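Numbering (the numbering used here), first residue to last: 4 to 909.
This report refers to the structure that appears directly beneath it.
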C-alpha cells in the first residue's frame, strides 16, 4: 500500500488552504479524507500529483470543496442547540455508566475546590484589613529601626512632642494622632460594685475621629476627648454598661480611681482592623499619661504616632526629610546625655542605627511585626503560603481528572472511531469531552460548597477567624460558576484534544489502545501529585518537631506548677502584700512573688527597657547598653527557680538592696563587668519625662548574677536583663505542689474575694502561658497537617482509580499468569510496583524542595531543632505505605479473581 510522505501531506494542506478550506475541524477532516483517497489512487500506479488531481475532481474541484464547507457551516449553526442537548445527554449517560470513576473525579475535585475556597476566603479576609478607612491611602504609622547598646530592634514607639512638631515643620502632614497603651483596665460604671477587666483600652488624642473612619453614634467627634477626664466608648461598651439608656454624659471608673465622663459613643471598630479599641481615654488633663503626653523630651518614647498626609503628598518624600528632623530635635538631647562632642554622624559611624520610616496603614496587618503592636498581626508569608497550598491542592484534583480521562481513553477509543466514521468532526468531539468535564466540575462545585460549609468552622478555630461563605452575594455564585467552567476547561482540554485526535482506521483496528495504558504524561502527573503530598508531610513533621523542641528545651527557669494571678493592682492600696502572705499560708503553696514582669510574653506581662553603663565611665555610644529592666521582689528568684551563679539573691531585711541589681550573664558580658562583677555599679538616667541629663542619674550595685533564661520567643536571642528590687503589682505568681492544683485555685480565689471584693479573679498557669507564645506555630502545624491529609486523600483517590483501571486493562494477562502458576503475592507486586516506583521518584524530587523550605522557615528561630535525614525518610515511607495500602485493595481483588472467568470475559 502506498504511503504519503511529509512533503506530500504538506503540499495537500497548503493547497486546500489556498482553495479556501479553512473551517476549523473540517480542514483536518478533509485533509484526512483526501490523503486516504490519494493513497488509494497511488496504489493503482498513479503519480502523486495525478492521484491528487483525480481526487480533487471527484470532490468537484475548488467549487465543490467550498460547497461542502458552506453546507457544513450552515448545518453546524442549525445543529448547535440539538448538539448541546446531545452533549449533555451523552455526558450524563457516561457519568452514570462509569459511576465509580465519576465518583472519584467528583469527590477528588470537590475536596480540592472546598479547600481552595476556604483558603481564598482566608486570603481575602487578610487582604482587606484597615480598608474600611476612607483615608487609608493617606494614613501612615511612624516606625523606628534601632541598633544601639547591643540590641537591634524595630518599634512603633515615638516621643510625646514628635507628632505636633512634625505637623508644625512639614505642611504636607494634615493631622496626627498619638496612642498610649498601658494594657488592661478594671472598669465599672459610676455607682457599680463589680469591676470588669477590659483589654482594649488606650489613651488617644482628640484627632482620632478625624483620621480614622469610625462613625460617632452619640456626641460630637470634633470635641470628644478634648476635655480632661473624658472618654469615648464603643457601642459594645455602651450596651454592656448602660443597657437601655444613653451612655452619653455617664460616668465610669477606671482602675478604681479614675472617674471619667463619656463624651462620645462610636460604632464598633470592624473586625478587619489592626486595632479594636473599646475605650479611648483623653490625653488632656493631669492624669499620669496626660502629663506624660505633655513631655518635651524626644528620647522618652512611649507613644504610637499616626500621620494623615494631605491629598497628593508623597510619603517617600517625607521619609527623606526625617533624618534632618532627627538631627535637629534628637541630636541635642543625645549630645546632652553622651557628651558635647556627640553627633549623629559619629553615632552612625560607630555602627549604630536610629532611623524613622513610614508604614502605610494598609500594610500594617501583613507586613508589620514590631515592638508596640496593639494586637498580633498576620503575615504576608502565610498569605503566600496558603495561596500556594490552595493552588497545589486544586492542581492535584485537576490532575486526577486528567489522569482518569486519558487512562480510560482505551475504553472510549472505539466510541471516538465510530463517531468519526459517522461524520463527526474533531471539534464536535472536543466539545463533547469538554462538556463532560464541565459537568463534572459543576457537580464538584455543588458538593464543594457543602464540604466548605462543613469544614469552615474547623478552619475558623485553627485560624482564629470568623469566616463565612457569602451565600447572600449574587456575585459569589457568578464567580463560582465562572470558576467551575474555567477549571472544567483547564482540566478537560488535554483529555478532549487527546481523545479527539484518534484516527478512525487505527482505532477500529485496535491499534490505538496499545499506547494508552502507560503514558509518560500520566506517570508524570502522578509523580507531581505525590511530590506535593510528600512536601506537605515533611513540612508538617518539621513544624511539629520544632514545637516539641521548644516545649522540652531547658529554659533557665521552671515553668511547671506556677499559677499567676493577674491584675494585682486591684488589691491596692493596702492588700497586695496581705494577699501574698495569706496565699503563702496555704499548705500546698511553696513560694510566691509580686511582680508584673513574668518570664513569658503575653498581653498581661509587663516589659520595660532602659539604658545602662558602668558607673565611673562617661556615657557614650561605645559603652551604653540597652536592656530589660524588671521590677521584682525578694522572692522572685526563688519562685521561678532561677539559677544564681555568682553573688546572692535579694534580702528581705537588707535596706541596701533597694539600690541593688541582679544581672543575667549576657548583661554582665555586654557591660564588660569582668569575671567578678559582684559589688560593681551601673548607672542610668532618671527618666522623669524631661530631656536626659547627666547630672541626674540612678546608680545600682550588682549583688548577684543569674544564668541566662528565655523570657521571650525562641525566635530571638537571649538579651541582657536586670532584676531590680522595686514594687510592681501587675501580677502575683505562686509555686505549688503538683498534686494540689484544684485545691490551690479554690483557696486562692476565696482569699481574693475576701481581700478584693467586686474585682474580677483571673489567673493562668505559667506552662500554658509559655505554650501560648507559640500558638501561631501550633496553628500552622495543625493547618499543614490538615492540608497534607487533604492532598494525600485526593492523590490516593486518583491512585485508587488508576489501579482499578490498570487491573481492569490487564485482566487477561492476570488470568494467564494465574493459570501458569503465579501466586497472589506476585500478581499484587506486579500491579503495584510501577506505581511504587513513581512514589519513590516523587520522594526524590520532594525531599530537596522540602529541605530548602524547612531550612528557610527555621532561620526565623535562634534556637531550633535539627531536622535529620530520618524525618525525610519517614515522610517518604509514610507516602509509600499510604500509596501501597491504597493500591492493595484493587490489586488483591484482581489477583484473587477466578482466572477462568477473567479469560472468558476477554
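Cβ atoms here follow ideal geometry from the backbone N, Cα and C, with glycine treated the same way.
These numbers were taken from a predicted model, which means no experiment stands behind them.
- By the neighbour-count criterion, in which a residue is buried when 16 or more other Cβ atoms sit within 10 angstroms of its Cβ, residue 129 is buried.
- The beta carbons of residue 636 and residue 728 sit closer together than 8 Å.
- The DSSP-derived three-state label of residue 262 is strand.
- Across the set 568, 669, 643, the C-alpha of 568 shows the shortest separation from the C-alpha of residue 759.
- Non-local beta-carbon contacts of residue 284 in its own chain, meaning distances under 6 Å to residues more than five positions away in sequence, involve 206, 234 in chain order.
- Closest option to residue 265, judged by alpha-carbon separation, among 272, 793, 281: 281.
- Look at the segment 134-168 and you find these whole runs of beta strand (DSSP E), each 3 residues long or longer: 142-151, 154-158, 160-162.
- DSSP, read as helix, strand or coil, puts residue 286 in coil.
- Around residue 701, the same chain offers 686, 687, 689 as residues with beta carbons nearer than 7 Å, after the five sequence neighbours per side are excluded.
- Every unbroken stretch of the beta strand (DSSP E) spanning 3 or more residues and falling wholly within the segment 187-250 is given here in chain order: 188-192, 199-201, 204-207, 219-222, 233-237.
- With at least 16 other beta carbons inside 10 angstroms of its own, residue 392 counts as buried.
- Look at residue 752 here: in three-state DSSP terms it is helix.
- In this structure residue 172 is not in contact with residue 301, their Cβ atoms being roughly 13 Å apart against a cut-off of 8 Å.
- Each residue's CA atom was taken as its position, placing residue 598 and residue 659 some 20 Å apart.
- DSSP places residue 712 outside any alpha helix (DSSP H), giving it a letter other than H or E.
- Residue 458 carries a helical assignment under DSSP once its states are collapsed to helix, strand and coil.
- Counting only residues of its own chain and dropping the five nearest sequence neighbours on each side, residue 831 has a CB closer than 8 Å to the CB of 891, 894, 895, 898.
- For residue 177, the enclosing beta strand (DSSP E) begins and ends at 176-183.
- Taking the C-beta atoms as reference points, residue 97 is found no nearer than 8 Å to residue 378.
- Residue nearest to residue 888 within the set 588, 66, 803 is 803 (criterion: CA-CA distance).
- Assignment of beta-bridge partners to residue 632 by DSSP yields 725.
- In the structure shown, residue 103 falls within a helical segment according to DSSP collapsed to helix, strand and coil.
- Counting only residues of its own chain and dropping the five nearest sequence neighbours on each side, residue 578 has a CB closer than 6 Å to the CB of 758.
- Between the segment 741-754 and the segment 599-615 there are fewer than three C-beta pairs closer than 8 Å, too few to call the two in contact.
- With three or more CB-CB distances shorter than 8 Å, the segment 755-775 counts as touching the segment 546-563.
- Between residue 640 and residue 846, the C-beta spacing is not below 8 Å.
- Pairing residue 293 with residue 540 gives a Cβ-Cβ distance that is not under 8 Å.
- Cα atoms of residue 168 and residue 150: separation of roughly 24 Å, rounded to the nearest angstrom.
- Separation of residue 793 and residue 396 (C-alpha to C-alpha, rounded to the nearest whole angstrom) is 8 Å.
- Judged by beta-carbon spacing, residue 367 lies within the 8 Å limit of residue 277, meaning their Cβ atoms are closer than that value.
- Residues 750 of the same chain have their beta carbon placed closer than 6 Å to that of residue 589, with the five preceding and five following residues left out of the count.
- In the pairwise beta carbon analysis, the segment 308-324 is classified as touching the segment 176-184: at least three pairs are separated by under 8 Å.
- If you draw a straight line from the Cα of residue 402 to the Cα of residue 247, it is about 59 Å long.
- In this structure, DSSP gives residue 615 an extended state, which the three-state scheme calls strand.
- Under the 8 Å Cβ criterion, the segment 193-202 does not count as touching the segment 342-361, having fewer than three qualifying pairs.
- If you look at residue 646, you'll find it isn't in any alpha helix (DSSP H); DSSP assigns it neither H nor E.
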